[in-house]
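To start, the structure under review is shown below, and the notes come after it.
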Amino acid sequence: MPLTLASWNVNSIRSRLDHLRRFVEIAQPDVLCLQETKVTDDLFPHLEIEALGYPYRAVKGMKSYNGTAILSRRPFTSQISTAWCGRDDCRHLSVVMDGDIELHNFYVPAGGDLPDAEKNPKFAHKLAFLDAMADWGRTIANDGKQRILVGDLNVAPLETDVWDHKKLARVITHTPIERDRLTGVLKAGNWIDAQRRIVPPEEKLFTWWSYRNRNWPEEDKGRRLDHLWISPALEDRLASATVHRDVRFWEKPSDHAPVVLGLT
DNA sequence: ATGCCGTATGATATACGA
Numbered sequence: 475m476p477l478t479l480a481s482w483n484v485n486s487i488r489s490r491l492d493h494l495r496r497f498v499e500i501a502q503p504d505v506l507c508l509q510e511t512k513v514t515d516d517l518f519p520h521l522e523i524e525a526l527g528y529p530y531r532a533v534k535g536m537k538s539y540n541g542t543a544i545l546s547r548r549p550f551t552s553q554i555s556t557a558w559c560g561r562d563d564c565r566h567l568s569v570v571m572d573g574d575i576e577l578h579n580f581y582v583p584a585g586g587d588l589p590d591a592e593k594n595p596k597f598a599h600k601l602a603f604l605d606a607m608a609d610w611g612r613t614i615a616n617d618g619k620q621r622i623l624v625g626d627l628n629v630a631p632l633e634t635d636v637w638d639h640k641k642l643a644r645v646i647t648h649t650p651i652e653r654d655r656l657t658g659v660l661k662a663g664n665w666i667d668a669q670r671r672i673v674p675p676e677e678k679l680f681t682w683w684s685y686r687n688r689n690w691p692e693e694d695k696g697r698r699l700d701h702l703w704i705s706p707a708l709e710d711r712l713a714s715a716t717v718h719r720d721v722r723f724w725e726k727p728s729d730h731a732p733v734v735l736g737l738t
């Protein structure tokens, strides 16, 4: 059965309900993986999301920060949220979809401002989080299972994943150490970068544009921070991977555009 | 470009995002 799956850092789900409604009408995803919901589970807007046609929901949120959700039109089982690096800070949710596809939704730590793990604990946390993802990946790589990993991974690994590779070499999300770590996660888990199977690595591809640059569309100062990965068992079903850049133009948008994976 | 802007909070300033 074909599957359309979207991943979107909404930067507060309660501030983005209208955009969710519009996006669902356009993209009609079977599954929506959200990050930065910024809401505790008891305050999650279940009724509004149910009305969008998502009767199956896994939520893992906290006050003010982080938070993930998986919203689905099809049933799933085995809802799990892992406390990576020993912190139960709502950065991961996984479920098993019909057809036995294991789905993982991640929100990797941003890492603060200073890309120095000695001086910046947030950056150290980000690197440790990526190391933990790689360690986990090693344990499941090559087991032949159908698996999808999506989310805001907060790293732009390729030179073409940022608007200016040289200018961003010392900026968090595109430092050599982060790029190496994320590539390490990809390799350790034997993941396939679905976006880069569809869009050649030579082409620039972005999913995030800073709020702080008013001229973001003209200058296209973007980065690819949101990712769609699949296991080799799903390789033959890969049909599309798209960035809904237009959503970033809507009034009062998230700074992330939704990304959509299409499987046949 | 340590500035640009958006969201959340026991808020009218501060933390955080990346």
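Remember, the working numbering sits 474 above the position in the first sequence when you count from 1. Ideal Cβ positions, reconstructed from N, Cα and C, are used throughout, including at glycine. All figures in this text were calculated on a predicted structure; none of them were measured in a lab.
Secondary structure at Phe550: strand, using DSSP grouped into helix, strand and coil.
Ile646 carries a coil assignment under DSSP once its states are collapsed to helix, strand and coil.
The secondary-structure analysis by DSSP pairs Gly696 across a beta bridge with Trp683.
Measuring C-alpha to C-alpha distances from Ala557 to each of Asp492, Met607, Met475 identifies Met607 as the nearest.
Ala598 and Cys559 have their C-alpha atoms roughly 11 Å apart. The beta-carbon distance between Leu699 and Ala715, rounded to whole angstroms, is 15 Å. This is too long to meet the 8 Å contact definition. With contacts defined by Cβ atoms closer than 9 Å, Arg719 and Phe680 form a contacting pair. Secondary-structure assignment with DSSP links Val636 through a beta bridge to Arg697. A contact is defined here as three or more CB-CB pairs under 8 Å, and the segment 497 to 513 fails this definition with respect to the segment 602 to 621.
If the five residues before and after Ile646 are omitted, its C-beta is found closer than 6 Å to the C-beta atoms of Gly585, Pro589, all from its own chain and listed in chain order.
As for any alpha helix (DSSP H) of minimum length 4 sitting wholly inside the segment 542 to 617, the runs are 595 to 614, ordered along the chain. CA-CA distance, Val629 to Leu656, rounds to 7 Å. Going by beta carbons, Leu567 and Val582 fall outside the 9 Å limit.
If you look at Arg621, you'll find it in the beta strand (DSSP E) that goes 621 to 626. Closest in C-alpha terms to Asn579, from the list Leu708, His520, Pro650, Ser555, comes Ser555. Taking each of Leu737, Trp724, Asp729, Gly736 in turn and checking the Cα distance to Phe497, the smallest one comes out for Trp724. A straight line joining the alpha-carbon of Asp638 with that of Leu491 spans about 33 Å.
Cβ-Cβ separation between Ala480 and Cys507: approximately 7 Å, consistent with a contact (criterion under 8 Å). For Val498, the enclosing alpha helix (DSSP H) covers residues 491 to 501. Contact between Arg488 and Val513 holds: their C-beta atoms lie close to 6 Å from each other, under 8 Å.
Here Phe550 is not near Tyr528, since their CB atoms are 9 Å or more apart. Under a 10 Å Cβ-count criterion, Asn689 is classified as exposed, with fewer than 16 other Cβ atoms of the shown protein chains found around its own Cβ.
In terms of Cα proximity to Gly611, the closest of Gly663, Phe518, Pro595 is Gly663. With at least 16 other beta carbons inside 10 angstroms of its own, Lys534 counts as buried.
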